[in-house]
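Here's the structure we're looking at; comments come further down.
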Amino acid sequence: MNVNWRGLTRGFFERPPRVLYRRTGPRYFDAAAVVVVLNGVVVAGFGLVALVLYVDLHAAELALFAACSAAGFVVEGLLAGVYLRRAAQPVRSWLAGERGHEATLQTWAAAARLALAILRRPSLYAIGAVGAAAADLVLAALLDRPAYEAALLFPMSYLLYLSSVILRYLALELGIRPVLEDIGQSLPVAARPDFARVSLHGRLLATVPMVTWGASIIVAGLVTHNSRDFDTIGLASVVAVGVTAAISIWLSLVLADAVSGPIIDLRDATRRVGAGDLGVRVPVVSTDETGELAASFNAMVAGLGEREQLREAFGAFVDPALTERVLAEGTDLRGEVLEVSLLFLDVRGFTAVAESTGAHEVVARLNALYEGVVPVILSHGGHANKFIGDGLLAVFGAPERHADHAPRAVAAAREIAQLVRQGGAGDLEVGVGVNSGRVVVGTIGGGGRRDFTVIGDPVNTVARVEAATRLTGDDVLITETTLRALGADSDDFEERPGVPLKGKTATVRLYAPRITGS
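Okay, here's the thing in C-alpha cells:
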C-alpha cells in the first residue's frame, strides 16, 4: 500500500489552524495570542530538559529555576501577543464585515506581513535577553556559583530564546494561511498586494542550524555526567555552536539554494510570461516537487502557446473584435436587435475576370483587394462580417457598439473608393453601398459550427444599393436612412434619381458623395 506522506504531514500541520479559524472567526487572533505564549513555555520546557542532562539539581531547585525561566518566556510572549493583536486589527475589522475593495487589499497585505511584524520588534529581543540572563543568575545562585559564571550559560540561554522566536514565526506563518485564503477569495484577480516577507532561503538558513544546535545539545548531554558546575554545559554550548557553524550553516546554504533556485527561476519565467513571452521554459533540474513544478509550468506555457497560435489562426478567419468577444463570452452570442450601418462591396465585372484568369490568380487578386479594404474597415470600427466570393459585407455598430455607426460606415466607404481609384486593387473596380437600420445580430449555426450573423431587411437592401452603383455610375451610394443618421455631414451628398430596387415596392432614395460622382 502506497502512503501519501506529504498529504498526511501537510494535513497534520495545516488542519488545526483551519479548524480553529472556522470556529473562532474574528476572535482567531485572541486564540493565536494564547498560542504565542504557549510557544515560549514549550521552548522553556525543552531548555529545562537539556539543563538537567548537564546540571545536577534538586527538585526544589529545579522547580524554582523552571518558574524563573518560564516567567521570562511568558512575559515576552504576552508582549508579543499584544503586538500581534494590534497588528491584526485591520484583519479583525475585515473579518467583522468591513470588506471594501481598498480595505481588502490593505487587509491582505497586513495579514501577509503579520508574522514579520512580530519578528521585527526590538523590544522582544531585549526582554528575551533580560529573561535569559535572569534565569542564568538564578541558576548560578542555586548552585552557589559566582555570578560571572552565569555568562558561560548565557549563549545557550539566548540561543534557546532565539529558537522560540523562529518557531513562533513559522507557527504564525502557518496559522495565517487560512486567513489569507479567506481574504484572497475577495481579491481582484490582477491585484498584486505589497509583499513583506522572509525569503525561503532565509527560513532554511535559520531553521536548519536551529534544529542542528538543539540536537547537538541533547546528544552531548546524554553522553556526559551531570554535575553542579557550568563547565560541561558551557563547553557543550560552545561545541554545539561550532558544529552548527561548521556543518549545519553550510548544509542549510546548499539546501536553500537547491530549493529556492528553481523557485526563483519559476518566478522570473512567470514574469516573462506575463510580459507576453510564451517561448520561455524552465529547466527541470530535479525529480522532486520543484522538478514536478517546473515540468508543470512548462506544460502550462506550452498550452498557452498553443492557445495563442489558435487565437492567431482564429483571428485570420474572424474579425479581431469578434475574436475577443468570443474568447471573453463564449460562442453563444445571444441575439439582439441593434441599430447598425451596413457596408456592402462588390467587384464590378468580376465574373468575366474569373472566366479569363486562372484560379490561383483569381484568389490572389481578391486577397490583394481585401488586404487593402479590411484594414480600412477595422480602422473605422467596423466588423468584416462575410466574404461572399467577390463581395464583402461589413457591419458598423456590432459586435462593438458605436453610436456614430453611420458616419463610420460612410467614411470607410469613401476611403475604400479612394483606395481603389488610386490603384490599391490593381485594375479591379468596386461599387460600395451603405444602408442603416435595425437588424438582428447573434451567432447562428449547428453541428459544432457557428457564425456571427446579421439578419433583417437592411441587409438585403444594402446589397441592392451596391448593385445600383452600376446604373448611376457612382463608386459609393448610401440610402436616405443613412443620410439622416449623418447629421451635419449630409450636405456632402447629392441625391441620385430614384432607382427601383429588387424586392422593394417603393423606390429607395439614394445619395452619392459629391466628390465621387461621375
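Residue numbers are given in numbering that gives the first Met the number 0: position 314 of the sequence shown equals residue 313, and the series is strictly consecutive.
Backbone N, C-alpha and C define an ideal beta-carbon position, used for all residues, glycine too.
For residue i, the three-state DSSP class (helix, strand or coil)
i, result
"residue 359", "helix"
"residue 198", "coil"
"residue 316", "For residue 316, the predicted structure reports a pLDDT of 49, less than 50, and the residue's modelled location is therefore unreliable. A value from the coordinates is still provided. It is helical."
"residue 389", "coil"
"residue 336", "strand"
"residue 498", "strand"
"residue 382", "strand"
"residue 490", "helix"
"residue 92", "helix"
"residue 511", "strand"
"residue 22", "helix"
"residue 264", "helix"
"residue 435", "strand"
"residue 186", "coil"
"residue 348", "coil"
Cβ separation of residue i and residue j, assumed to be a contact under 8 Å, to the nearest whole Å
i, j, result
"residue 250", "residue 207", "6 Å"
"residue 141", "residue 63", "7 Å"
"residue 431", "residue 342", "6 Å"
"residue 396", "residue 337", "6 Å"
"residue 485", "residue 406", "6 Å"
"residue 46", "residue 159", "5 Å"
"residue 284", "residue 275", "Their Cβ separation, rounded to whole angstroms, is 26 Å, which puts residue 284 and residue 275 out of contact at 8 Å."
"residue 296", "residue 257", "With a Cβ gap of about 18 Å, residue 296 and residue 257 do not count as contacting."
"residue 450", "residue 460", "With a Cβ gap of about 21 Å, residue 450 and residue 460 do not count as contacting."
Pick from the options that is closest to residue i, judged by C-alpha positions
i, options, result
"residue 425", "280, 278, 144 and 363", "363"
"residue 39", "60, 157, 422 and 184", "157"
"residue 503", "143, 355, 456 and 492", "456"
"residue 92", "261, 369, 105 and 202", "105"
"residue 143", "73, 163, 372 and 60", "60"
"residue 292", "356, 307 and 281", "281"
"residue 434", "394, 471 and 473", "394"
"residue 120", "80, 159, 459 and 270", "80"
"residue 186", "149, 108 and 346", "108"
"residue 344", "439, 273, 28 and 428", "428"
"residue 32", "44, 290 and 77", "77"
"residue 126", "75, 163, 172 and 90", "75"
"residue 49", "183, 212 and 171", "212"
"residue 28", "149, 163 and 171", "171"
"residue 392", "301, 261, 377 and 418", "377"
Counted within 10 angstroms of its Cβ, other Cβ atoms place residue i as buried (16 or more) or exposed
i, result
"residue 110", "buried"
"residue 366", "exposed"
"residue 354", "exposed"
"residue 334", "exposed"
"residue 299", "exposed"
"residue 513", "exposed"
"residue 492", "buried"
"residue 409", "buried"
"residue 26", "exposed"
"residue 500", "buried"
"residue 135", "buried"
"residue 538", "Outside the modelled stretch of the chain, which goes from 0 to 517, sits residue 538, for which no answer is possible."
"residue 147", "exposed"
Residue-chain proximity (residue i, chain D), Cβ-Cβ < 8 Å
i, result
"residue 360", "Annotation note: the requested chain D is absent from the structure, which comprises a single protein chain."
Does the pairing of the segment 453-470 with the segment 353-373 give three or more beta-carbon distances under 8 Å?
-> With a cut-off of 8 Å, the segment 353-373 and the segment 453-470 do not count as touching, because too few Cβ pairs lie within range.
Does the segment 97-108 come close enough to the segment 63-71 that 3 or more CB-CB pairs lie under 8 Å?
-> Counting Cβ pairs under 8 Å, fewer than three are found: no touch.
Report yes or no: do the segment 12-24 and the segment 170-180 share at least 3 C-beta pairs separated by less than 8 Å?
-> Output reads yes: the segment 170-180 touches the segment 12-24.
If you pair each beta-carbon of the segment 471-480 with each one of the segment 381-399, do three or more pairs fall below 8 Å?
-> The segment 471-480 vs the segment 381-399: no contact.
Three or more beta-carbon pairs under 8 Å between the segment 112-119 and the segment 77-87, yes or no?
-> Because the criterion of three Cβ pairs below 8 Å is met, the segment 112-119 and the segment 77-87 touch.
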